[in-house]
Amino acid sequence: MRLRNVPGSQEHIAASPYCETEPEKRKGSWQAFFGQEAPLYLEICCGKGRFLAEHAGRSPQINFLGIEKYTNVLVKAVQKQEALLYPNLRFARMDAEVLEEVFAPGEVARIYLNFSDPWPKARHANRRLPSAAFLRRYGHILVPGGEVEFKTDDTALFDFALEELPRAEWEAEEICRDLHAREDLLADNCMTEYETRFVGMGKPICYLKMHRKRGDI
Ligand code: SAH
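Residue numbers for the sequence shown follow my numbering, so the first one is 246 and each next one is one higher.
So, in C-alpha cells, the structure goes:
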C-alpha cells in the first residue's frame with residue numbers, strides 16, 4: 246500500500262502519543278506503552294489500521310500494536326486511534342525485518358499477517374512475511390505456543406507459506422482457501438482494507454493459522 250506523499254505525516258506520527266517512532270527503546274517493556282497490562286497482539290504491516298481498530302474495540306482485554314514501515318500509510322491508522330482513544334490500541338513505525346531488536350523473547354502473544362507484499366521474485370523469497378526466515382523470528386518473540394494468523398488473496402503466496410511451515414518446524418492449525426464461506430471462522434474475523442476490496446471483487450480469501458511445532462514432552 247503506497248500512498249502519495251502526505252505532507253506533515255512524519256511530524257504527525259512523531260508527535261502522537263499513540264505511535265512509537267523509536268520502537269527499539271521499548272524492547273521488553275511494551276506494556277508501559279498501553280493504558281493497561283494485557284497480552285500483546287501484533288499486526289505486522291498494518292496499513293491504515295482498520296483491522297486493529299476493529300479488534301481493539303471488540304477485545305478490550307487484549308493490547309493491539311500495529312507496525313508499519315511507511316508514514317504516509319501509518320498516519321491514517323494513528324488518526325483512527327486519535328478519534329477512538331482506545332487504551333489498548335497503539336502503533337509503531339518500523340521495518341518488519343528488525344522484529345527481534347524491538348521485542349524481547351516471549352513478549353508477543355499473537356501475530357497477524359494480513360495481505361502482506363508477495364515479493365514474487367525467487368531471490369526475494371526471504372522477504373515474504375510467511376517465509377521460514379520470518380517464522381523463525383516470530384518463534385523468538387512469541388510466547389510458547391503463540392499463534393500466527395495469515396490472510397491473503399494471493400494463492401501463490403499462500404502455497405509458499407504452506408511449503409515453508411515444515412522448513413521452519415512450524416505446523417498448521419487451520420488451512421482455509423475461502424474464509425468468507427466459513428461461518429465458524431468469520432465470527433472472529435475483522436476485515437482489513439485490502440480484504441474489503443478483494444471480497445467486493447468476489448475474490449476468495451485464503452486463511453492460515455499456525456504455530457511452532459510443539460515438541461514431545
Ligand atoms: N494489512 C493491510 C495492508 C496490506 S498492504 C491490509 O490488509 O489492508 C501491505 C503493507 O505492508 C503496506 O502498508 C506496506 O507499507 C507495508 N510494508 C511493506 N513492507 C514492510 C516492512 N518491511 N515492514 C513494515 N511494513 C511493511
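Think of the CB as a built atom: it goes at the ideal place given N, C-alpha and C, for glycine as much as any other residue.
Beta carbon of residue i nearer than 8 angstroms to that of residue j
i      : j      : result
Cys451 : Phe379 : no
Arg382 : Tyr286 : no
Ile289 : Ala341 : yes
His456 : Gly390 : yes
Ser261 : Val323 : yes
Asn359 : Tyr439 : yes
Arg335 : Leu310 : yes
Gln255 : Thr316 : yes
Glu414 : Glu392 : no
For residue j and residue i, the rounded distance between their alpha carbons
i      : j      : result
Gly445 : Cys435 : 15 angstroms
Leu344 : Leu374 : 12 angstroms
Pro449 : Asp423 : 5 angstroms
Ala401 : Pro284 : 32 angstroms
Leu329 : Gly302 : 9 angstroms
Lys293 : Pro332 : 18 angstroms
Ile258 : Pro268 : 13 angstroms
With 16 other Cβ atoms within 10 Å as the buried cut-off, status of residue i
i      : result
Ile462 : Because the pLDDT at Ile462 is just 46, under 50, the model does not fix this residue reliably, and the point stays unresolved.
Lys314 : exposed
Gln326 : buried
Ser274 : exposed
Lys408 : Correcting the residue identity first, residue 408 is Glu in this sequence and not Lys. By the neighbour-count rule (16 or more Cβ atoms within 10 Å), Glu408 is not buried but exposed.
His369 : exposed
Arg249 : exposed
Lys396 : buried
Glu394 : buried
Glu346 : exposed
Leu431 : exposed
Rounded distance between the beta-carbons of residue j and residue i, thought under 8 angstroms
i      : j      : result
Lys458 : Glu416 : 5 angstroms
Secondary structure, beta strand (DSSP E): runs of 3+ residues fully inside the stretch 370-407:
387-397
Ignoring anything shorter than 4 residues or poking outside the stretch 254-337, list the alpha helix (DSSP H) runs there in chain order.
Restricting attention to alpha helix (DSSP H) runs no shorter than 4 residues, the stretch 254-337 encloses them at 254-260, 295-303, 316-329, ordered along the chain.
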